[in-house]
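Residue numbers (the numbering used here), protein chains in the order written: chain A, 9 to 289; chain E, 9 to 289; chain H, 9 to 289; chain B, 9 to 289. Positions of the beta carbon are idealized from the N, C-alpha and C atoms, including for glycine. Computed from a prediction, not measured in an experiment: that's the story for all the values here.
4 protein chains.
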Amino acid sequence: MENYVLKASCRDKPHIISQITASIAQNEGNITDLDQYSDKGTQHFFLRLTFSMDEKNLSSLLFSFKSIREFFDMEISLRIENQKKKMLILCSKQPHCLIHLLEKKRQGAISVDIPAIVSNHKDCEPIAAYHHIPFHHFPISKENKMEQEALIEELIEQNHVDLIVLARYMQILSPTFCKKYEGKIINIHHSFLPGFKGANPYKQAHDRGVKIIGATSHFVTSELDEGPIICQETIRVNHHHSIEEFIRFGADIEALVLARAVKHVLEDKVFIDGNKTVAFK
Amino acid sequence: MENYVLKASCRDKPHIISQITASIAQNEGNITDLDQYSDKGTQHFFLRLTFSMDEKNLSSLLFSFKSIREFFDMEISLRIENQKKKMLILCSKQPHCLIHLLEKKRQGAISVDIPAIVSNHKDCEPIAAYHHIPFHHFPISKENKMEQEALIEELIEQNHVDLIVLARYMQILSPTFCKKYEGKIINIHHSFLPGFKGANPYKQAHDRGVKIIGATSHFVTSELDEGPIICQETIRVNHHHSIEEFIRFGADIEALVLARAVKHVLEDKVFIDGNKTVAFK
Amino acid sequence: MENYVLKASCRDKPHIISQITASIAQNEGNITDLDQYSDKGTQHFFLRLTFSMDEKNLSSLLFSFKSIREFFDMEISLRIENQKKKMLILCSKQPHCLIHLLEKKRQGAISVDIPAIVSNHKDCEPIAAYHHIPFHHFPISKENKMEQEALIEELIEQNHVDLIVLARYMQILSPTFCKKYEGKIINIHHSFLPGFKGANPYKQAHDRGVKIIGATSHFVTSELDEGPIICQETIRVNHHHSIEEFIRFGADIEALVLARAVKHVLEDKVFIDGNKTVAFK
Amino acid sequence: MENYVLKASCRDKPHIISQITASIAQNEGNITDLDQYSDKGTQHFFLRLTFSMDEKNLSSLLFSFKSIREFFDMEISLRIENQKKKMLILCSKQPHCLIHLLEKKRQGAISVDIPAIVSNHKDCEPIAAYHHIPFHHFPISKENKMEQEALIEELIEQNHVDLIVLARYMQILSPTFCKKYEGKIINIHHSFLPGFKGANPYKQAHDRGVKIIGATSHFVTSELDEGPIICQETIRVNHHHSIEEFIRFGADIEALVLARAVKHVLEDKVFIDGNKTVAFK
């Protein structure tokens, strides 16, 4: 028996669930978890389910899914639950998001392979070493920005990377890159978007005298800080706190929020729905 | 077309979902929302789903469900979504939970009929009057406790009450009453259970110097403060705050937590699973 | 013996605290609580302290304070703690903020006199009646907006109102009015400012797919939604929730946040510091 | 000019603040921050203040403080703000609390010297190495428990340690040790005390079906899990989560709560007040 994760989305129509669950039942699979959502606004249907089934029935099931996919014009993905995805992490000088991600991997909370960590600075190299992950130092100047991006692309392709995580990378990726890996790049923005877009969000928040600050993880699109939001978290501040303290408090929730978003995306629980996300659980 | 809510639970076995969804599909129903959970510990399966269907197919669907129920030894309930349940509120002197429940009803957040409000004191009578709900004053002494409980039972039976809400009722109901309406009585306890059971939980919390206080809504069983927890919420306090302030801060979250639990139970989203609850969404 | 509340602010200089506390000591007063903050950015000093003292020493203390005020060019206010301030509430159709404020007053959490409630609609009249507070219905059209504002001003002046609370008033007050009562008008904005300014913030939040929504209480200035923030609170939402649900969830925190801000301002714990606030405790 | 931190507590009496602030003023010191609290229950007074002053006036100030201390029977401590305290960390196999503490030190949020990390297991050795902190491996058996405690005591005395932090140490210290370092040992308990004392709190929480779990940092006394609470934090869970997930979610807040408590204690913001704490800010 093997455990499978199915992820499916299409324009909402009657009978999608019964068709899929019947196919699984006919192939002697047993559904262990099912999440489903129909967006009345975008008229889109989203489904995630896990089931256990004898491997020998897989080809028969895939045959059923083929006709379902065609009939409903459905995006569908099926994977073995234990099979780890591959994730590339891009970071800069600040290590807190990287440390937290790697610690979550060590604890077993995030199940993933990390073939490489890339940075434009050397500061995080010892952290990568401690976790025995190859570290690539690609320093960036105005002149070599595109070449370095090409090197990152090479790493992605060579390693069959499923997910690219910007763990406070601080560099703006080219529109071409963003387009090519749309839905596969996760960023952590150090503000409660759309509150303080752009640079120095903690300074903006401090200047405005807000009483709560936040962090936002989102998919990267070519429009800066405008991609679909995956996860947000907030923390209370007051007049006593300096910008430096905002930054330090923020560091904690940036790390938490990014790790939470990464975990959910790796577990196939997040769908892009226009400029929003459907995030199960 | 009519919208239906189905709630089902049984011992976990393969094919439950596909059987139910296929029955709905065969009767031309369209599933609009589905939540499902299998408890690995208790080996119990829980399902809530909503679907729309032509009324003329209802008898055919019920016929299918009959055999499913028998086959899986399933507890199953089906109701029309718009059909309001009936709820009895018991309160004492403190009005904050009552006010919040009635305000949520007025806003449309809680959809329910309230045939009666019962209290052992007259303090809340004007609130009931403002919302045009019959108010019954059943004063309680050591001598008449059982007679008054009999009056409450009479109200419940006459009005076909589905849910009994203790909105800070401050009276301990008899084991017989608790047993008779098991799974139908919701209480709000003014502490973060199991933290401070029994009387004066805010005093207990203050004496212990805790930095966070809470409130807990739970189903009532004959064991005091030990029934399945539906919903909890917490709020931060500090050394500045007196017991009186603990009580006032607590009042806000008691009201919120009780209203949230009531809403979820009315919407058939809460299942009892041993001494825990499965609470969808 | 009488309890006093002192509130003082001025440009930061050495020896302010020792001068004030020595004056109180010399007049046999006993300090029971003291909060102090120096803003390094604006170079401003803020002090709130409570003390008990024999009334017969008051004139001597005021004499000392006179020279301190002149020396430090200080804004200073002294009041008897039990003496209630006067507050005017403006509301529109939605009652939830009004109900919560009046309930907090009833519980004793907010200690204040409310000489009048004003609304451009009649919906909240029964709530005012239930709490025995005079209700003034000033319907507003494009033509009579300024006359109605004049009526409000009259009520404020006649009743020596200290604080004007916009409990979801939904009307924009004139710049003249805002200027005249600067630092005395509190609004509740139904978003996590500066996130979604202007109209329909919940719709804006829903369209953007945020995972947390909020409410903000702030002092009103002539620039819409830009006044100093007093208090903010957030609540988690997800893709399941409609705009209507955002509005209902938001209602709870709007009421909480406004009541919290009102309480702090009435207790002299909030200072305006440029476009921010210093909010003690 | 030097910055000083003063911490004082005594039985509450009139004129404490004015006497202390006048002494500072007479020595040309300037108060930059002041927090004060009088506990009406225990009748105790607590004061923390920071001031800047020319070093040459220090002996004169200390002379004034001597008579104040005697007059009020006051516990008083004065230190130079930049002078770092010394902290010993005890840990076991689980590294998450240790990692977070060291990361906060690296970020500059916690300003402290750590002369040694002690553990009964070798798992955390590479983390200590990465941060260049001496690591002492003192394995513990039933037989050598007291000898190993003696080694820890030796480290404490040799290094003039101010604070001992149990970062998930998992060993019960002897009553003699607890007594000797009373008020100097901080523990993190992985539950929302007093909710689930003793072993396996997450299992206890899971069995009870709670909807929120927590972590508590407290001073260690010889009574297990009963010392004064410094800081608490909670996180929401639901029926989906296994005990293992409770443990992982808990790990995040344990780390946060312990680091927050350590920071506050190092900054002299926490006073013990009977079996509670007064924790400023």
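Counted within 10 angstroms of its Cβ, other Cβ atoms place residue i as buried (16 or more) or exposed
| i | result |
| --- | --- |
| residue 124 of chain B | buried |
| residue 79 of chain H | exposed |
| residue 214 of chain H | buried |
| residue 71 of chain H | exposed |
| residue 4 of chain A | Past the boundaries of the shown model lies residue 4 of chain A; chain A is included only from 9 to 289, so the question cannot be answered. |
| residue 44 of chain E | buried |
| residue 184 of chain B | exposed |
| residue 102 of chain A | buried |
| residue 201 of chain A | buried |
| residue 111 of chain A | buried |
| residue 104 of chain E | buried |
| residue 198 of chain B | buried |
| residue 147 of chain B | exposed |
| residue 63 of chain A | exposed |
| residue 219 of chain A | buried |
| residue 91 of chain A | exposed |
Closer than 7 Å to chain E by CB, residue i
| i | result |
| --- | --- |
| residue 46 of chain A | yes |
| residue 138 of chain H | yes |
| residue 38 of chain A | yes |
| residue 219 of chain B | yes |
| residue 23 of chain A | yes |
| residue 202 of chain B | yes |
Where the beta strand (DSSP E) through residue i begins and ends
| i | result |
| --- | --- |
| residue 1 of chain H | As shown, chain H starts at 9 and ends at 289. That puts residue 1 of chain H outside it, with no answer to give. |
| residue 67 of chain A | No beta strand (DSSP E) holds residue 67 of chain A; the alpha helix (DSSP H) holding it covers 66-80. |
| residue 137 of chain H | Segment 133-138 is the alpha helix (DSSP H) holding residue 137 of chain H; no beta strand (DSSP E) there. |
| residue 127 of chain A | 121-127 |
| residue 42 of chain B | 38-47 |
| residue 94 of chain E | 94-99 |
| residue 158 of chain B | That residue, residue 158 of chain B, is in no beta strand (DSSP E); its alpha helix (DSSP H) goes 153-166. |
| residue 175 of chain A | 171-175 |
| residue 145 of chain B | 143-145 |
7 Å Cβ cutoff, residue i in contact with chain A
| i | result |
| --- | --- |
| residue 17 of chain E | no |
| residue 216 of chain H | yes |
| residue 209 of chain H | no |
| residue 182 of chain E | no |
| residue 26 of chain E | yes |
Min CB distance residue i to chain B below 7 Å
| i | result |
| --- | --- |
| residue 205 of chain E | no |
| residue 284 of chain E | yes |
| residue 42 of chain H | yes |
| residue 68 of chain H | no |
| residue 287 of chain H | no |
| residue 29 of chain H | yes |
Beta-ladder partner(s) of residue i, from DSSP
| i | result |
| --- | --- |
| residue 242 of chain B | B:222 |
| residue 12 of chain B | B:59 and B:88 |
| residue 19 of chain A | A:52 |
| residue 281 of chain E | E:284 |
| residue 83 of chain H | H:17 |
Boundaries of the alpha helix (DSSP H) in which residue i is found, first to last residue
| i | result |
| --- | --- |
| residue 185 of chain A | 183-188 |
| residue 26 of chain B | 24-34 |
| residue 193 of chain E | Not the alpha helix (DSSP H): residue 193 of chain E falls in the beta strand (DSSP E), residues 193-197. |
| residue 108 of chain H | 104-115 |
| residue 214 of chain H | 209-216 |
Beta carbon proximity, residue i to chain H, threshold 7 Å
| i | result |
| --- | --- |
| residue 256 of chain E | yes |
| residue 158 of chain B | no |
| residue 50 of chain B | no |
Item to check | Cβ-based contacts, 9 Å cut-off: residues of the segment 108-125 of chain B near chain A | outcome: Answer set for the segment 108-125 of chain B: 108, 111, 112, 114, 115, 116 and 117.
Next on the checklist: Output needed in chain order: residues of the segment 229-261 of chain A with a Cβ under 7 Å from some Cβ in chain B.
Outcome noted: Of all residues in the segment 229-261 of chain A, only 248, 256, 259 and 260 place a beta-carbon less than 7 Å from a beta-carbon of chain B.
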